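Q:
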Amino acid sequence: MNKIIMLGTGNGGTMDLFNTCFLVQNENGNFLVDTGGSIEIIKRLKEMNVDYKSISHIFISHSHTDHVLGLFWYFKKLGVSAMHGLIKDKINIYCNDEVFTTITEVSKHILPASLMKSVNEIVNYKILNDGDKYNINGIEYQFFDTLAKGAKQFGFRCELNGNRLAFLGDETLNPVLYESIRNYDYVMHEAFCLEEEEHIFHAYEKNHSTTKSVGEVMNKLNIKNLILYHTEDSHKEARKELYTLEAQRYFNGNIIVPNDLEIIEIK
273 MNKIIMLGTG
283 NGGTMDLFNT
293 CFLVQNENGN
303 FLVDTGGSIE
313 IIKRLKEMNV
323 DYKSISHIFI
333 SHSHTDHVLG
343 LFWYFKKLGV
353 SAMHGLIKDK
363 INIYCNDEVF
373 TTITEVSKHI
383 LPASLMKSVN
393 EIVNYKILND
403 GDKYNINGIE
413 YQFFDTLAKG
423 AKQFGFRCEL
433 NGNRLAFLGD
443 ETLNPVLYES
453 IRNYDYVMHE
463 AFCLEEEEHI
473 FHAYEKNHST
483 TKSVGEVMNK
493 LNIKNLILYH
503 TEDSHKEARK
513 ELYTLEAQRY
523 FNGNIIVPND
533 LEIIEIK
């Protein structure tokens, strides 16, 4: 069974939610998508009984702090483990060229050279071009440029248990890509805030969506299951209910607004 484990569901400014990142998990292993912005990523993996040393595949969608900074804390743990011979397999990091530059340049300034020497001996970087395909834990992923207006971003398409799924990063989907996901079974799309609170959070000027705007587009594209993430956290425990209710006004399919550490089974 393929599962998506949402390690975090918040946007870059949340305090009570961890930044959006998740695992795609099956019997062959775990694929980590983004790393959040702090060492909390290691704690989240532990809470879900996943040993960070066992993850051989990591994808960083873009270079914003809330997606890439957790990787440097990951490197600190990996480097020490590598020095003690505890890392058995090479670790593949999939990212675009801008993310690769960010990782390599920032590492020079914040991590010891001796530690990075150990990290670099166990890490393979896969620099992505639009349309590149990789088999990860028995699943074929096609990575693509989301044509984001801000930092260069990549998403991916794959098939899980016979269901077509697309992960679209954390910007509003570029209309050029609408037809590439039409009729998909699952789509993962950001929803920065509720429409009624757009004047507070200014989602649109940040190239983000409201629950209403993404619901309307995904409904027109006949998406069956819509997974919403990268949200603000002002509503605490009521967030899931409020976002679901608003999305239901504009989207006819199944709406999933996961909490941190929630598991989504792809059936």
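Heads up: the sequence shown begins at 273 in the numbering used here, then just goes up one per residue.
Even glycine gets a Cβ: it sits at the ideal position worked out from N, Cα and C.
Keep in mind the model is a prediction, meaning the values are calculated, not measured.
Just list the residues that DSSP pairs His329 with in beta bridges.
A: The partner list for His329 (beta bridge, DSSP) reads Phe303 and Asn364.
Q: Would you tell me roughly how many angstroms separate the C-alpha atoms of Lys512 and Tyr476, rounded to the nearest one?
A: Lys512 and Tyr476: Cα-Cα distance of roughly 21 Å.
Q: Alpha carbon to alpha carbon, how far is Asp369 from Ser326? Give it in angstroms, no decimals.
A: Their backbone Cα atoms lie some 25 Å apart in a straight line.
Q: With 16 other CB atoms within 10 Å as the buried threshold, where does Arg454 fall?
A: By the neighbour-count rule (16 or more Cβ atoms within 10 Å), Arg454 is not buried but exposed.
Q: The alpha helix (DSSP H) that contains Tyr450, what's its start and end?
A: Residues Tyr450 to Ile453.
Q: Give me the DSSP bridge partner(s) of Ile408.
A: Answer by DSSP bridge pairing, in chain order: Ile411.
Q: If we ignore side chains and look at the alpha-carbon of each, how far apart do Lys348 and His471 end up?
A: Answer to the nearest angstrom: the Cα atoms are 40 Å apart.
Q: Got a sec? Which residues, its chain only, sit under 8 Å from Lys362 by beta carbon, not counting five neighbours each side?
A: So the qualifying residues of the chain are Ser328, Ile394, Val395 and Asn396.
Q: When burial is assigned at 16 or more other CB atoms within 10 Å of the CB, is Lys484 buried or exposed?
A: Its Cβ being crowded by 16 or more others within 10 Å, Lys484 is buried.
Q: Go ahead and pull the three-state DSSP assignment for His461.
A: If DSSP states are grouped into helix, strand and coil, His461 belongs with the strands.
Q: State the start and end residues of the unbroken alpha helix (DSSP H) segment that holds Asn392.
A: It spans Ala385 to Ile394 - the alpha helix (DSSP H) in which Asn392 sits, taken as one unbroken run.
Q: Which value, in whole angstroms, describes the spacing of the CA atoms of Gly422 and Met273?
A: Using only the alpha carbons, I get a separation of about 35 Å.
Q: Roughly how many angstroms separate the alpha carbons of Gln414 and Asp404, rounded to a whole number?
A: So the two alpha carbons sit approximately 6 Å from each other.
Q: Taking DSSP as the reference, what is the three-state secondary structure of Phe347?
A: In this structure, Phe347 counts as helix in the three-state DSSP scheme.
Q: What separation, rounded to the nearest whole angstrom, lies between the Cα atoms of Asp288 and Ser506?
A: Spanning the two alpha carbons is a distance of roughly 9 Å.
Q: In terms of DSSP beta bridges, what is Phe428 paired with?
A: Per DSSP, Phe415 and Phe439.
Q: Take Tyr366 as the anchor and find which of Gly285, Val448 and Ile330 has the nearest alpha-carbon.
A: Selected option, being the one with the closest Cα: Ile330.
Q: Quick check on Phe473: does DSSP put it in helix, strand or coil?
A: It is helical.
Q: Are the beta-carbon atoms belonging to Ile538 and Leu432 less than 7 Å from one another?
A: Against a cut-off of 7 Å, the Cβ pair of Leu432 and Ile538 comes out as a contact.
Q: Going by beta carbon distance, what residues of the same chain come within less than 7 Å of Phe294, once the five residues before and after it are set aside?
A: Excluding residues within five positions, the ones whose Cβ falls inside 7 Å are Ile276, Ile277, Met278, Leu279 and Val305.
Q: I'd like to confirm the pairing. Which residues does DSSP put opposite Thr503 in its beta bridges?
A: Its beta-bridge partners are Gly282.
Q: Work out the CA separation of Gly410 and Val296 for me, nearest whole Å.
A: Cα-Cα distance, rounded: 12 Å.
Q: Check whether the stretch 479-494 touches the stretch 523-532, counting contact only when three or more Cβ pairs, one atom from each stretch, lie closer than 8 Å.
A: Taking 8 Å as the limit for Cβ pairs, the verdict is that the stretch 523-532 does touch the stretch 479-494.
Q: So what does DSSP say about Ile375, is it helix, strand or coil?
A: If DSSP states are grouped into helix, strand and coil, Ile375 belongs with the helices.
Q: State the DSSP-derived secondary structure class of Ile536, mapped to helix, strand or coil.
A: DSSP places Ile536 in strand when its eight states are reduced to three.
Q: What did DSSP end up calling Asn491 once you bin it into helix, strand or coil?
A: Helix, per DSSP.
Q: If you draw a straight line from the C-alpha of Ala510 to the C-alpha of Ala354, how long is it?
A: Those two C-alpha atoms are separated by around 43 Å.
Q: Just how far apart, CA to CA, sit Asp457 and Asn497?
A: Roughly 6 Å between the two C-alpha positions.
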